[in-house]
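In our numbering, the protein residues as written are 204 to 365. Heads up, the beta-carbon is just placed ideally off N, CA and C, and yes, glycines get one too. Because the structure is a prediction, the values reported are computed rather than measured.
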């Protein structure tokens, strides 16, 4: 059972991530419109529902892990490390959006998303230690970031001057 206070905290952190990332996203920019995109890129309307679902899973999954750590972990450093891992992951999540869309640096965004994927896999490992369901809830996030990594790499390949 997730404690309401924990879920409120993770939901607030995830909401801040979504809002901050949204502020850096401009899919209607001339720069983005001119990029050569692969045929397998999802339609623009799909990103909102996908990210809304993923952010909900992240909020619930990390809340479950934090509650599990609070009840099962006697070492306060381990609990702190879990909170830090969650925070770092959310910062990396936002940073990709700003690197790619706002700052128009797809090559840096590609390097950064590799860090995001590693952070996400690490987050799943850490969360699963305290709550197996938490890890399962975060798995779609890792899958989507892996897909986004492939898409970013393809955009970089197709647009060497971008």
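For the alpha helix (DSSP H) containing residue i, list its first residue and its last residue.
i, result
"residue 249", "247 to 275"
"residue 293", "279 to 300"
"residue 325", "309 to 333"
"residue 210", "207 to 226"
"residue 234", "233 to 237"
So, using beta-carbon positions, are residue i and residue j closer together than 8 Å?
i, j, result
"residue 263", "residue 340", "yes"
"residue 298", "residue 320", "no"
"residue 254", "residue 221", "yes"
"residue 282", "residue 273", "yes"
"residue 330", "residue 268", "yes"
"residue 359", "residue 328", "no"
Check residue i in the structure and name its three-state DSSP category.
i, result
"residue 230", "coil"
"residue 242", "coil"
"residue 353", "helix"
"residue 364", "coil"
"residue 347", "helix"
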